Structures are given as structure tokens and as C-alpha cells.
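Note sheet for the following structure.
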Amino acid sequence: MNQLRRILGIDPGLGITGYGVIEIAANLPVLREAGIIRTADDDANDMAEKVLSVYNGVVEVIAQFQPEAMAVEQLYAHYDHPRTAILMGHARGVIFLAAAQHKIPVVSYAATQVKKLITGNGRASKEQVQRTIQHELGMSALPDPPDVADALAVALCHYYTHRRIS
1270 MNQLRRILGI DPGLGITGYG VIEIAANLPV LREAGIIRTA DDDANDMAEK VLSVYNGVVE
1330 VIAQFQPEAM AVEQLYAHYD HPRTAILMGH ARGVIFLAAA QHKIPVVSYA ATQVKKLITG
1390 NGRASKEQVQ RTIQHELGMS ALPDPPDVAD ALAVALCHYY THRRIS
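Counting from 1270, one number per residue, gives the positions in the sequence shown under my numbering.
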């Protein structure tokens, strides 16, 4: 496998999509950029506009950082909240489209798999993930909102997984 230089991690959502870019320097992950892509909350902002906002935001991050790989949190569907899974599926669809258009391979990881690899606990709380990411990447403050920490966690998960099999 090729050595990765830059990984884009994505925590998909229609309201807030977290993203994090890590770069591998001297065989260690280094934070390059992290943030959120936020869509408008108002009722006038229809589904088409929301997915377009997510798509445009991801394309902008790809253009700026040119990652070699993208890691995306897998779709989680809770039987009590099927609408949430459907909405997240819309966001994931345009994220995958943006990656495909830029010929970036995408790998999906289950949230429990990411948490287990990053914190040692597949059921870790949001705060545990935030603290671990802060420590792993030498950040002065907790990554906030938690969507940013989740995106960085999935990027780190991909890095650690890729490093083991390289």
C-alpha cells in the first residue's frame, strides 16, 4: 500500500458535517485543519439546498488540502429514529460523490470501531473522544463541537488501520 500523506476524516450530517485533515509527518499524525460545514436551519432551506451545502463544503476542503484518502463514519440506524439515518444517508451520498469526482478512495468505519481504536472503548462518550483527540494531536483545547472530534477520530482510525496493514 502507498504511504498516506494526508487523510480527510468526515463525520456526516445534514445540519453539521464535521471534517478534519491530518497529515503524516515523520510517521506521526499532525493536525492540518478541522472544522464544520453547517447548513441553514430555517424551513426555507430545502433538502436540495442542504445537500448542496454539504457537497460544496466538502469539495472546498478537498480542493484546499488534496487528501489521498477519505475516511467517513458509517451510517448508523437506530430503529427508533429511522429518519435520522435517511438524512445522514443524503449527506453521505454527496460526500462520496465529491470524493469520487476527485478520485479519492473512501473507507467507512463504524462509530464503535473508531471509538474502540481511538479510546480503547467502543462505547466511549463524546467527551472521552474529544479528550483523546486533544491528547493524540497535541491540541491546546478540546476539539469542539464534538462533530470535529468525531471527524478527526475517523481520520486517525484510518491512519492507524492503514499503518498496521502497510
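We put the CB at the ideal spot given by N, CA and C, even for glycine.
Bear in mind the structure is a predicted one, so any value in this text is a computation, not a measurement.
Gln1382: which of Leu1411, Gln1403, Pro1374, Val1423 sits nearest, CA to CA? Val1423
With a CB to CB cut of under 6 Å and the five nearest residues on each side skipped, what residues in its chain are close to Lys1395? Pro1415
8 Å contact criterion, which His1427 and Ala1338 should meet: CB distance rounded: Yes, they are in contact, since the Cβ atoms of His1427 and Ala1338 sit about 6 Å apart, within 8 Å.
Tell me, please, which residues DSSP counts as bridged to Val1323. None, per the DSSP bridge assignment.
Quick one: residues in its chain with C-beta nearer than 7 Å to the C-beta of Met1356, no 5 flanking neighbours on either side, listed in chain order? The sequence given here has Leu at residue 1356, not Met. Here the set comprises Leu1283.
DSSP puts Leu1300 in a beta bridge; with which residues? According to DSSP, Leu1300 bridges with Ile1291.
9 Å Cβ cutoff met for Ile1331 and Leu1273: no
Counted within 10 angstroms of its Cβ, other Cβ atoms place Ala1420 as buried (16 or more) or exposed: Classification for Ala1420: buried.
Mind the definition here: the stretch 1400 to 1408 touches the stretch 1371 to 1390 only if three or more C-beta pairs lie below 8 Å; say whether that holds. yes
Counted within 10 angstroms of its Cβ, other Cβ atoms place Asn1296 as buried (16 or more) or exposed: exposed
Taking 9 Å as the cut-off, decide whether the C-beta atoms of Val1376 and Val1320 are in contact. For Val1376 and Val1320, no; Cβs fall outside 9 Å.
Please name the residue, chosen from Gly1391, Ile1373, Val1398, that lies closest to Arg1275 on a Cα-to-Cα basis. Ile1373
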